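What follows is a single structure, written as structure tokens, with notes after it.
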Amino acid sequence: MDHLAHVSNLRSSQSQTQISHLALDIGGSLIKLVYFCRYDDSCRDDGDELRSQNDSLCSKSDNNQPVLEGRLHFAKFETSKINDCLDFLRSMKLCLGVNSGSHDGTAPPSDKIFIKATGGGAYKFADLFKEKLGVSLDKEDEMECLVTGANFLLKAVHQEAFTYLDGQKEFVQIDPNDLYPYLLVNIGSGVSMIKVDGDGKFERVSGTSLGGGTFWGLGRLLTKCKNFDELLELSHQGNNRIVDMLVGDIYGGTDYAKIGLSSTTIASSFGKAISDSKELEDYQPEDVSRSLLRMISNNIGQISYLNALRFGLKRIFFAGFFIRGHAYTMDTISVAVNFWSKGEAKAMFLRHEGFLGALGAFMSYEKQCLDGLMVHKMQQKFPISASSAGDNIYCSLSSNSDENGSIECTVYGT
Amino acid sequence: MDHLPHVSNQRNSQPQTQISHLALDIGGSLIKLVYFCRCDYSCRDSDGDELRSQNDSLCSKSVNRQPVLEGRLHFAKFETSKINDCLDFLGSMELHLGGFHDCNAPLSDKMFIKATGGGAFKFADLFKEKLGLNLDKEDEMECLVTGANFLLKAVHQEAFTYLDGWKEFVQIDPNDLYPYLLVNIGSGVSMIKVDGDGKFERVSGTSLGGGTFWGLGRLSTNCKNFDELLELSHQGNNRVIDMLVGDIYGGTDYEKISYLNALRFGLKRILFAGFFIQGHAYTMDTISVAVNFWSKGEAKAMFLRHEGFLGALGAFMSYEKQCLDGLTVYKMQQKFPIGASSAGDKIYCSRNCNSDENGSIECTLYGT
Chain H
3 MDHLAHVSNL
13 RSSQSQTQIS
23 HLALDIGGSL
33 IKLVYFCRYD
43 DSCRDDGDEL
53 RSQNDSLCSK
63 SDNNQPVLEG
73 RLHFAKFETS
83 KINDCLDFLR
93 SMKLCLGVNS
103 GSHDGTAPPS
113 DKIFIKATGG
123 GAYKFADLFK
133 EKLGVSLDKE
143 DEMECLVTGA
153 NFLLKAVHQE
163 AFTYLDGQKE
173 FVQIDPNDLY
183 PYLLVNIGSG
193 VSMIKVDGDG
203 KFERVSGTSL
213 GGGTFWGLGR
223 LLTKCKNFDE
233 LLELSHQGNN
243 RIVDMLVGDI
253 YGGTDYAKIG
263 LSSTTIASSF
273 GKAISDSKEL
283 EDYQPEDVSR
293 SLLRMISNNI
303 GQISYLNALR
313 FGLKRIFFAG
323 FFIRGHAYTM
333 DTISVAVNFW
343 SKGEAKAMFL
353 RHEGFLGALG
363 AFMSYEKQCL
373 DGLMVHKMQQ
383 KFPISASSAG
393 DNIYCSLSSN
403 SDENGSIECT
413 VYGT
Chain F
-16 MDHLPHVSNQ
-6 RNSQPQTQIS
4 HLALDIGGSL
14 IKLVYFCRCD
24 YSCRDSDGDE
34 LRSQNDSLCS
44 KSVNRQPVLE
54 GRLHFAKFET
64 SKINDCLDFL
74 GSMELHLGGF
84 HDCNAPLSDK
94 MFIKATGGGA
104 FKFADLFKEK
114 LGLNLDKEDE
124 MECLVTGANF
134 LLKAVHQEAF
144 TYLDGWKEFV
154 QIDPNDLYPY
164 LLVNIGSGVS
174 MIKVDGDGKF
184 ERVSGTSLGG
194 GTFWGLGRLS
204 TNCKNFDELL
214 ELSHQGNNRV
224 IDMLVGDIYG
234 GTDYEKISYL
244 NALRFGLKRI
254 LFAGFFIQGH
264 AYTMDTISVA
274 VNFWSKGEAK
284 AMFLRHEGFL
294 GALGAFMSYE
304 KQCLDGLTVY
314 KMQQKFPIGA
324 SSAGDKIYCS
334 RNCNSDENGS
344 IECTLYGT
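Protein sequence lines, in the order shown, are assigned to chains H and F.
Under the numbering used here, the first residue of the first sequence carries the number 3, and numbering increases by one thereafter.
Under the numbering used here, the first residue of the second sequence carries the number -16, and numbering increases by one thereafter.
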């Protein structure tokens, strides 16, 4: 049976059409996408090929629900280059088109297509999406999506969370029964700190405006780097002691042992730059970048720790695209949390760090249940029991995950 | 009676001579000085005779028959990178440094100045070499706390709150002073929980301090010095400065870390000190509003008029610990009465209405 057509028929018969394959998180600096592609199905293929593959790939679950097997893919664009994102989506319009029931691959009627979207951009660019793609953005709360996405990743994806200390990356398997409470620190353009107490139970307890946007913004002004990755890459070679004022610089080479500060502790970030013997051109951009990175990371680590302490939380998960698996960043944050908490609290990172919001938005489709899409465990490789976690959503991470960390999973239709 | 020679005679006969008129706090960015000048007496007179002749009219005797010097506490600062300016200034005060005794008396191995901050270690040799002065090092945190307690208890209209653009002086009941959180924003930031006289613990700090603002500001704006940078920020027409002030310096995270630490220890008062606030309205307002917000009105942010001189004041007051000639600073005017016994301190000052722009404080020094 042609399930895809079945699902799409369902869809076109409804007054609102949801695109379950795609969700967006449109932030201050980056647009994050999560989209589902069926196996051997390039999301850019034309309609006929898709349908012919359908029969072989579709199966039925135990409950006779239509089941689509495939992968969750991830992508990102700069918010300032939103047109690139729109072009990308346009090229995927077959997926959009098929779901709305037009078999000839033409665009469906505009007032019928919705995409789940979160982040500020879901408001800011709503008109643009309507105008350029004929798509309506179905807005979901940003904090809620972050938490939903985090809970999903932590419970359902194997080898998602890890610690990073002394250059060692160590995966942490979280017991779903022992997940809550924890502190989620999402480092985007800005930083949000959310206390998570359960499924859908959370409170944004703090934040800071010194986030990825600050690092990137100040870095761009001071180093002429063209993009965030370039700035990060530069920091590898930098020596922050050229720019930062250390305790030893103030105390003439000694520690301030009485208050537990070693001579190499940073007393004042960028404190050496007050010297008027040097201008900006006299500083190496890599040193500036490293100091910036250290400053932002240390500050986030400290405020995170103070909030974890305040609520008695032992686990702090750092998410958001600021980190990007960058060793120095993770090390700085880990060391800061470890130092301030005297080893009590643990800093952990997530492999799909930047996609929490988009994932959460993606999963909010099931709330609507107009056609009750759920993502279900596909492989038993890393068994996670459906009932114990109480979630409808499970995924296993295939060992052949591509560089975007796509996740094998199954989508149920009802 | 000519007290000056009396005291100076005492001094000459002692193995170590302390210069009570001066104390330093040598930080990463700024050198802060506190020095005592007697009334109607320019501290730069090179004519020793003039000093002695004024003595009789100005010196009086206290109830306990101690020699008493009346005058003012003055404040000054220099950039640490321009330490030679500071040395020149001190050099020009040579007479006053020898103020309690004969200006021809030998200086080198007898002259000590109380000093705190990292520079007390870093520049000890330089002071010896250029001025023949020994720096008697005092602990930085202790001096900050001593200076803060002194200002809060003894100086009228020292502490104030700042909300909605309104500056309101706070007179703290000396019996209700402790505990409080002292946040000193220097090159870097130290947060100290103060539980009593001499009872304190540095509980936190951050490297995002005044040095960060100054350093980043310099790199991104070509301002020549700190005052220029601040001036620019007052005008608020520079996008970079706005970003710096708003994001790094505008109290966004000071208030957060301060508040979180105040909360942690149940402290209701958070006292912000250090030179990098500088009466900057935007900063004080941001900090105050945020502390008020996060604490739901429970905690209060306060500022100090002599914000940058806590360490130097604390170092100045540590002279009385030594008591080689037991100098104490005593209340001079009863204008703003503060009972000597209740505060349990030997140190009181009243703030004269004619304070000069450096915020000098009228006070009296006792010699023993």
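Ideal placement from N, C-alpha and C gives every residue a C-beta, glycine not left out.
All of these numbers come straight from a predicted model, not from anything done at the bench.
Residues near residue i by beta carbon distance below 7 Å, same chain, minus five either side
{"i": "F:Ser343", "result": "Arg55, Leu56, His57, Phe58"}
{"i": "H:Phe39", "result": "First, the amino acid is wrong: residue 39 of chain H is Cys here, not Phe. These residues qualify, in order along the chain: Cys45, Gly72, Arg73, His75."}
{"i": "F:Val153", "result": "Ala142, Phe143, Thr144, Met285"}
{"i": "H:Leu282", "result": "Leu224"}
{"i": "F:Glu123", "result": "Thr99, Gly100, Gly294"}
{"i": "F:Asn117", "result": "Met94, Phe95, Lys111"}
Anticipated Cβ contact below 8 Å, residue i with residue j, distance rounded
{"i": "H:Lys197", "j": "H:Leu358", "result": "Not a contact, Cβ separation roughly 15 Å."}
{"i": "F:Gly192", "j": "F:Ser170", "result": "5 Å"}
{"i": "H:Ala25", "j": "H:Ile117", "result": "7 Å"}
{"i": "H:Ile268", "j": "F:Ser301", "result": "That pair is no contact at about 28 Å."}
{"i": "F:Phe292", "j": "F:Lys15", "result": "5 Å"}
{"i": "F:Ala264", "j": "F:Glu290", "result": "With 8 Å as the limit, F:Ala264 and F:Glu290 do not qualify as a contact, their Cβ atoms being about 14 Å apart."}
{"i": "F:His287", "j": "F:Val17", "result": "According to the sequence shown, residue 287 of chain F is Leu rather than His. Not really, about 14 Å apart at Cβ, beyond 8 Å."}
{"i": "H:Phe320", "j": "H:Phe351", "result": "5 Å"}
{"i": "H:Ile276", "j": "F:Arg201", "result": "6 Å"}
{"i": "H:Arg353", "j": "H:Glu162", "result": "5 Å"}
{"i": "H:Phe324", "j": "H:Gly214", "result": "4 Å"}
{"i": "H:Leu181", "j": "H:Lys157", "result": "7 Å"}
{"i": "F:Lys207", "j": "H:Asp201", "result": "In fact, because the Cβ distance is near 57 Å, the residues do not count as touching under 8 Å."}
{"i": "H:Lys141", "j": "H:Tyr125", "result": "7 Å"}
{"i": "F:Val274", "j": "F:Lys283", "result": "7 Å"}
{"i": "H:Arg292", "j": "H:Gly254", "result": "Actually they are not in contact, since the Cβ atoms of H:Arg292 and H:Gly254 sit about 24 Å apart, beyond 8 Å."}
{"i": "F:Ala298", "j": "F:Lys113", "result": "Contact doesn't hold; Cβ gap of about 20 Å is too wide."}
Under 9 Å from the C-beta of residue i: neighbouring residues of chain F
{"i": "H:Tyr330", "result": "Residues of chain F passing the Cβ test: none, with the nearest at roughly 16 Å."}
{"i": "H:Asn300", "result": "Thr189, Ser190, Leu191"}
{"i": "H:Gly273", "result": "Gly11, Ser12, Ser170, Gly171, Ser190, Gly192, Gly193, Gly194, Thr195, Trp197, Gly198"}
{"i": "H:Ala347", "result": "Neighbours of H:Ala347 on chain F: none; closest Cβ ~14 Å, over 9 Å."}
Within chain F, partners of residue i - CB distance below 7 Å
{"i": "H:Thr225", "result": "Per Cβ cutoff of 7 Å: no residues; H:Thr225 is ~10 Å from chain F at best."}
{"i": "H:Leu282", "result": "Leu202"}
Neighbourhood of residue i by C-beta distance below 6 Å, restricted to the same chain and skipping five residues each side
{"i": "H:Thr266", "result": "Leu248"}
{"i": "H:Ser211", "result": "Gly192"}
{"i": "H:Leu186", "result": "Ala152, Ile196, Val198, Phe319"}
{"i": "F:Val186", "result": "Met174, Lys176, Asn244"}
{"i": "F:Ser241", "result": "Val166, Ile253"}
{"i": "F:Ser12", "result": "Thr63, Ser170, Gly194"}
{"i": "H:Ser208", "result": "Met195, Asn309"}
Partner residues on chain F for residue i, Cβ-Cβ distance less than 8 Å
{"i": "H:Ile196", "result": "Here the premise fails: no neighbours, minimum Cβ distance about 15 Å."}
{"i": "H:Ala152", "result": "Near H:Ala152 there are no residues of chain F at all, since even the closest Cβ is about 22 Å away, more than 8 Å."}
{"i": "H:Ser2", "result": "Nothing can be reported for residue 2 of chain H: it is not among the residues displayed for chain H, which extend from 3 to 416."}
{"i": "H:Asp278", "result": "Ser64, Arg201, Lys207, Asn208"}
Spatial neighbours of residue i in its chain, beta-carbon cut-off 8 Å, leaving aside the 5 residues before and after
{"i": "H:Thr334", "result": "Leu295, Arg296, Ser299, Asn300, Gly303"}
{"i": "F:Phe104", "result": "Lys120"}
{"i": "F:Ile168", "result": "Gly192, Gly193, Tyr237, Phe255, Ala256, Gly257, Phe258, Phe259, Ile260"}
Chain H contact residues for residue i, given Cβ-Cβ distances below 8 Å
{"i": "F:Met124", "result": "Lys260, Ile261"}
{"i": "F:Leu246", "result": "Arg312"}
Chain H contact residues for residue i, given Cβ-Cβ distances below 9 Å
{"i": "F:Ser271", "result": "Residues of chain H passing the Cβ test: none, with the nearest at roughly 18 Å."}
{"i": "F:Ile240", "result": "Asn301, Gln304, Ile305, Leu308"}
{"i": "F:Gly101", "result": "Val249, Gly250, Asp251, Ile252, Tyr253, Gly254, Thr256, Tyr258, Ala269"}
Beta-carbon neighbours of residue i, restricted to chain H and to distances below 7 Å
{"i": "F:Arg185", "result": "Ile261"}
TODO: Output, in sequence order along the chain, the residues in the region 296 to 323 of chain H whose CB is closer than 9 Å to any CB in chain F.
DONE: Arg296, Met297, Asn300, Asn301, Gln304, Ile305, Leu308, Asn309, Leu311, Arg312
Open item on the list: Closer than 7 Å between beta carbons: that is the criterion. Which residues of the region 165 to 180 of chain H meet it against chain F?
Closed with: none
Task: Complete runs of the alpha helix (DSSP H) confined to the region 224 to 293 of chain H [at least 4 residues] - done: 230 to 237, 249 to 253
Open item on the list: So if I threshold CB-CB distances at 7 Å, which residues from the region 56 to 68 of chain F count as touching chain H?
Closed with: Ser64
Open item on the list: If we require 4 or more residues per run, which alpha helix (DSSP H) segments fall completely within the region 320 to 369 of chain H?
Closed with: 329 to 342, 358 to 365
Open item on the list: Which residues of the region 103 to 116 of chain F have a Cβ closer than 7 Å to any Cβ of chain H? Give them in chain order.
Closed with: Phe104, Lys105
- [ ] With 8 Å as the limit, tell me which residues of the region 202 to 220 of chain H have their beta carbon closer than that to any beta carbon of chain F; keep them in chain order.
- [x] Ser208, Thr210, Ser211, Leu212, Thr216, Gly219, Leu220
Task: Segments of 3+ residues assigned as beta strand (DSSP E) that fall wholly inside the region 240 to 305 of chain F - done: 252 to 256, 283 to 287
Open item on the list: I'd like the ranges of any alpha helix (DSSP H) spanning at least 4 consecutive residues and lying wholly in the region 98 to 184 of chain H.
Closed with: 123 to 126, 128 to 135, 144 to 158
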